[in-house]
Amino acid sequence: MADPRFYETQGPFTLGHLAEVAGATLRGANDPGALMHDVAPLETATPGEISFFDNARYRQAFRDSSAGACLVHPDHVAEAPASMNLLVSDNPYRGYGLVAQAFYPLTDPVPGIAPSAVVDATAKIGAGSEICPGVVIGPRAEIGENCTIGANAVIGAGVILGSDVRIGAGVTLHYCIIGSRVRIFAGARIGEDGFGFAPGPDGPVNIPQLGRVIIGDGVEIGANTAIDRGAGPDTVIGEGTRIDNLVQIGHNVSVGRFCIIVGQVGIAGSATIEDFSVLAGQVGVAGHVTIGSGARIGAQSGITKDIPGGASVLGSPAIPVKEYFRQIVMLQRLVKRKGQ
Amino acid sequence: MADPRFYETQGPFTLGHLAEVAGATLRGANDPGALMHDVAPLETATPGEISFFDNARYRQAFRDSSAGACLVHPDHVAEAPASMNLLVSDNPYRGYGLVAQAFYPLTDPVPGIAPSAVVDATAKIGAGSEICPGVVIGPRAEIGENCTIGANAVIGAGVILGSDVRIGAGVTLHYCIIGSRVRIFAGARIGEDGFGFAPGPDGPVNIPQLGRVIIGDGVEIGANTAIDRGAGPDTVIGEGTRIDNLVQIGHNVSVGRFCIIVGQVGIAGSATIEDFSVLAGQVGVAGHVTIGSGARIGAQSGITKDIPGGASVLGSPAIPVKEYFRQIVMLQRLVKRKGQ
Amino acid sequence: MADPRFYETQGPFTLGHLAEVAGATLRGANDPGALMHDVAPLETATPGEISFFDNARYRQAFRDSSAGACLVHPDHVAEAPASMNLLVSDNPYRGYGLVAQAFYPLTDPVPGIAPSAVVDATAKIGAGSEICPGVVIGPRAEIGENCTIGANAVIGAGVILGSDVRIGAGVTLHYCIIGSRVRIFAGARIGEDGFGFAPGPDGPVNIPQLGRVIIGDGVEIGANTAIDRGAGPDTVIGEGTRIDNLVQIGHNVSVGRFCIIVGQVGIAGSATIEDFSVLAGQVGVAGHVTIGSGARIGAQSGITKDIPGGASVLGSPAIPVKEYFRQIVMLQRLVKRKGQ
Chain G
1 MADPRFYETQ GPFTLGHLAE VAGATLRGAN DPGALMHDVA PLETATPGEI SFFDNARYRQ
61 AFRDSSAGAC LVHPDHVAEA PASMNLLVSD NPYRGYGLVA QAFYPLTDPV PGIAPSAVVD
121 ATAKIGAGSE ICPGVVIGPR AEIGENCTIG ANAVIGAGVI LGSDVRIGAG VTLHYCIIGS
181 RVRIFAGARI GEDGFGFAPG PDGPVNIPQL GRVIIGDGVE IGANTAIDRG AGPDTVIGEG
241 TRIDNLVQIG HNVSVGRFCI IVGQVGIAGS ATIEDFSVLA GQVGVAGHVT IGSGARIGAQ
301 SGITKDIPGG ASVLGSPAIP VKEYFRQIVM LQRLVKRKGQ
Chain Z
1 MADPRFYETQ GPFTLGHLAE VAGATLRGAN DPGALMHDVA PLETATPGEI SFFDNARYRQ
61 AFRDSSAGAC LVHPDHVAEA PASMNLLVSD NPYRGYGLVA QAFYPLTDPV PGIAPSAVVD
121 ATAKIGAGSE ICPGVVIGPR AEIGENCTIG ANAVIGAGVI LGSDVRIGAG VTLHYCIIGS
181 RVRIFAGARI GEDGFGFAPG PDGPVNIPQL GRVIIGDGVE IGANTAIDRG AGPDTVIGEG
241 TRIDNLVQIG HNVSVGRFCI IVGQVGIAGS ATIEDFSVLA GQVGVAGHVT IGSGARIGAQ
301 SGITKDIPGG ASVLGSPAIP VKEYFRQIVM LQRLVKRKGQ
Chain Y
1 MADPRFYETQ GPFTLGHLAE VAGATLRGAN DPGALMHDVA PLETATPGEI SFFDNARYRQ
61 AFRDSSAGAC LVHPDHVAEA PASMNLLVSD NPYRGYGLVA QAFYPLTDPV PGIAPSAVVD
121 ATAKIGAGSE ICPGVVIGPR AEIGENCTIG ANAVIGAGVI LGSDVRIGAG VTLHYCIIGS
181 RVRIFAGARI GEDGFGFAPG PDGPVNIPQL GRVIIGDGVE IGANTAIDRG AGPDTVIGEG
241 TRIDNLVQIG HNVSVGRFCI IVGQVGIAGS ATIEDFSVLA GQVGVAGHVT IGSGARIGAQ
301 SGITKDIPGG ASVLGSPAIP VKEYFRQIVM LQRLVKRKGQ
């Protein structure tokens, strides 16, 4: 059970309702009206709680679990304890996410503008939005409906936010247009100057950065991540993409839809990351390269050339994963042979 | 054309004025009084706009461009369309930067102290400086003339800023002395404690960090970058150096003049980076090493030993670039041979 | 001498007092009542100042030093100048840290709540604590005694802090319980959402993050570091651990006691770092792996498998240090042979 100091549990909900929420099918001799009071891991769940089984390493925990109900893949139905109600789904983890969201929905904004917030007279604040203490909102900014702007966040002149957006504490937004249902976590920096200048013997000359950052619906951006605005073209983050903490995205970068960009990745200027790509932690992407749709880039890889769609690469410079592991094994053998 | 929601265009300017601004020579049958209304890329520029040609990959766009004028290198003058006015320069990109700055100058501060700012009675604020809402300025701090201190920034006791400094939203400055024309972007952390302690079996003992951060004129520091103050000596950033986002600079580091330090670089304590060095993205530099003047360090490299001035190195640990690529090629060949 | 603009020196102190503070033994014909006025490096220390000698590279400076007193290891006593008072200790650097803390103690909080701070009526603020301007403290938060909460920091609902805690400017704390004598530097983000979602063809479904961050006594956390809260279990940082700047720690990670985690390290979700481990700069740790007690991970290493306690590893993927250097040497030789 989540610490009530921080979390308030909704419910209880009937199994029938939760199956509907999860897009799952109730299986076996179930009582669709039975009430579930919370989510819990397999090991600790009680008959009044619902869990999920999605990873073979927890098979024994699944077989031994006292959970009242469980999200489970059709392939594993036969292994369930007799007393367990089953919510069968092709994607039990996804189903669990939806069920857990029912018990623990995002906190609604408490509409209103804190007295200590400084909102320019020409800014527009949508109905139902909450502007927390210490927030600063510049001229002509437009905040949509049902947004939460966290304490001490700063929203620059002209910035536009859609509806149902959650901006974390201390975030700064400048020169950007942001869709709906976007979440940006504490300390993220959107729309600062790109790193653009012409070097020279008497010092660099700055190239004015004249673009914007365009962020699609449903995007989430992690804590202390920085996304620079474009130099002339825009920097673009496509719908539904997830960006983790401490990621650096340079000017003019285009990230497609539903990409996953893990912590501390760095993407240099004018790179293109196509839809559904996955960049694991600490990957570096050079400027102007393209990572094709659905490519998977292993942790700490360095991408210096275009990567074809669907490819899996690893290493710095990155090579196909199979080739990478062949090199690793070969090096081990060579060293062993010479060392003896 | 830059989005007027965010940018205001100055001008128009005559070709003669722009040539002077760029330090370029007007070539051909030009009317020095012709007016240019904006900057634009080669592909979209109109007869009233000025562009630049600096990269062979845009040669065709240059030949086909309708731009009214273009910054161009002497070697490419012959390829220009007949209707194009040419501003000839040995460094067209630099010339373009200066022209673009004429159309889009930095926004001037709007002098005054926001009512919600908290400025200690002993702090001094120079004429023409703008202190935005939510800013906190400590005792004895001194802000020069024509500075902008962004919303919710924090300036600690005793900190000194020169003139024409731009401090981004949410920046924190402590134990530092900052020159003129410096720009520090949102969320940067200057002058926090260095990572100094004596480990031991019953826990570490902190070594008090008693130095400062000294930042030269014209330095720019990216979003969410952290520069720790010295332990006894100072941490120093030389004139005109450019530091990108999310860079970590440890205590006692000395960075020279006109260096370029790209995103997510980490420089450990007491390292020395000499003038005109370039550190590409995600480079790591070990403590106490020296990188010689004008050295170029490739992306993701690890520097564990001194690097001679002018060297180009790559890899972790870094080796000369040529040797690095020879290793890469050799590994590929060895794996191919053994794999078949 | 530390710049009096930023630092105030305590003292003078007698040699006898400083020896006691350092846990060191006064050696030779000393006057335990002689007064020391400051700490200083060997090269610049005067007869009224105390220094330390702990690194062979400074041997000549030690022999030539005019320092009035010096922390020194028993092995080096014979090399000291005749006029130098010696504070002999098995760990001179640690002794120096304690002495320097006597001259430069942490600044005490100035008790009180700044008028511009916004403190919820249900929050509790301990005696002697200082709440700086612009701070926002949410409902039911509890701040212990003698804490300093830096300007524009944000403390979320329900957060608990022990006593003698120092929170830097612009820090944000949510969903966390923090021990005593903890220091968190500017811009750190504690308790944001973990990076948890179930991907799918129509976009990711978020998994609610229902855990906390638990931070032990004496922990220090660097500037702009991000520590996500747990997904269900907690994210835990053990007593006395030191975390540098720009570090990323994912949900459910468990870090033991007295670990050292250097700048820009990234630790993926559910990893375990046991007591006394050292992770050098830019190390990446994959999810769910365990790093055993006292292991040492070299800079930029990638950890994808469990590492046994006490091991020293290096490289990406990391291998034992000796093996790593054998590979480096072998590659150099192979390239030389083939290149000629």
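Each protein sequence line maps, in turn, to chains G, Z and Y.
Numbering follows this note's numbering, with no gaps: position 100 of the first sequence is 100.
Numbering follows this note's numbering, with no gaps: position 56 of the second sequence is 56.
Numbering follows this note's numbering, with no gaps: position 152 of the third sequence is 152.
Glycine included, C-beta positions come from ideal geometry on N, C-alpha and C.
- Within the DSSP bridge table, the entry for V118 (chain Y) names Y:V136 as partners.
- Straight across, the Cα-Cα distance linking A268 (chain Y) with D120 (chain Z) is about 43 Å.
- Chain Z has a Cβ within less than 7 Å of the Cβ of F195 (chain G).
- By the Cβ neighbour-count rule, G232 (chain Y) is buried, with 16 or more other Cβ atoms within 10 Å of its own.
- Runs of the beta strand (DSSP E) lying entirely within the region 235 to 305 of chain Y and spanning at least 3 residues, in chain order: 235 to 237.
- In its chain, beyond the 5 residues on either side, L35, M36, H37 have a beta carbon closer than 7 Å to the beta carbon of P12 (chain Y).
- Straight through space, the alpha carbons of R333 (chain Z) and M1 (chain Y) are spaced by roughly 59 Å.
- DSSP, read as helix, strand or coil, puts F197 (chain G) in strand.
- Secondary structure of F103 (chain Y) (DSSP, three-state): helix.
- Counting along the chain, the unbroken alpha helix (DSSP H) around A61 (chain Z) starts and ends at 59 to 64.
- A distance below 7 Å between beta-carbons, with the five flanking residues on each side excluded, links I113 (chain G) to the following residues of its chain, in chain order: V119, I125, I131.
- Considering only Z:A117, Z:G128, Z:S66, the residue with the shortest C-alpha distance to T107 (chain Z) is Z:G128.
- Pairing V21 (chain G) with V99 (chain G) gives a Cβ-Cβ distance under 7 Å.
- Across the region 260 to 272 of chain Z, CB contacts with chain G closer than 8 Å involve I260, V262, G263, Q264, in sequence order along the chain.
- Each residue's CA atom was taken as its position, placing S83 (chain Y) and V39 (chain Y) some 17 Å apart.
- Bridge partners of L86 (chain Z) according to DSSP: Z:R27, Z:C70.
- Apart from the 5 residues on each side of it in sequence, P204 (chain Z) sits with its Cβ closer than 8 Å to the Cβ of F197, A198 in its chain, given in chain order.
- Between the region 132 to 148 of chain Z and the region 230 to 247 of chain G, the count of Cβ pairs shorter than 8 Å is below three; the stretches do not touch.
- In this structure, G263 (chain G) keeps its C-beta atom at 7 Å or more from the C-beta atom of D275 (chain G).
- A Cβ of chain Y is located within less than 7 Å of the beta carbon of P133 (chain G).
- Non-local C-beta neighbours of I249 (chain G) in its own chain, meaning closer than 6 Å and more than five positions away in sequence, comprise I227, I267, ordered along the chain.
- At least one CB atom of chain Y sits nearer than 7 Å to the CB of G200 (chain Z).
- In the DSSP annotation of this structure, V213 (chain Z) is not part of any alpha helix (DSSP H); the continuous beta strand (DSSP E) holding it starts and ends at 213 to 215.
- Rounded to whole angstroms, V265 (chain Z) and V289 (chain Z) show a C-alpha spacing of 15 Å.
- Taken through DSSP and simplified to helix, strand or coil, R189 (chain Y) comes out as strand.
- The three-state reading of DSSP puts D38 (chain Z) in strand, counting E and B together.
- For V154 (chain G), the chain Z residues whose Cβ falls inside 7 Å of its Cβ are A151, N152, A169, G170, in order along the chain.
- Per DSSP, reduced to three states, the secondary structure at L210 (chain Y) is coil, with no helix or strand assignment.
- Secondary-structure assignment with DSSP links I178 (chain G) through a beta bridge to G:L161, G:I215.
- Around the beta carbon of A69 (chain G), 16 or more other beta carbons sit within 10 angstroms, so the residue counts as buried.
- Judged by DSSP secondary structure, V21 (chain G) falls within the alpha helix (DSSP H) whose first and last residues are 15 to 22.
- DSSP places V205 (chain Y) in the strand class (E or B) of the three-state scheme.
- At least 7 Å separates the beta-carbon of Y175 (chain Z) from that of P208 (chain G).
- Under the criterion of beta carbons closer than 8 Å, I155 (chain Z) and I137 (chain Z) qualify as touching, at roughly 5 Å.
- Counting every other CB atom within 10 Å of its CB across the protein chains shown gives P109 (chain Y) a total of 16 or more, marking it as buried.
- Cβ neighbours of R140 (chain Y) within its own chain (closer than 7 Å, five residues either side excluded): T122, A123, A157, G158.
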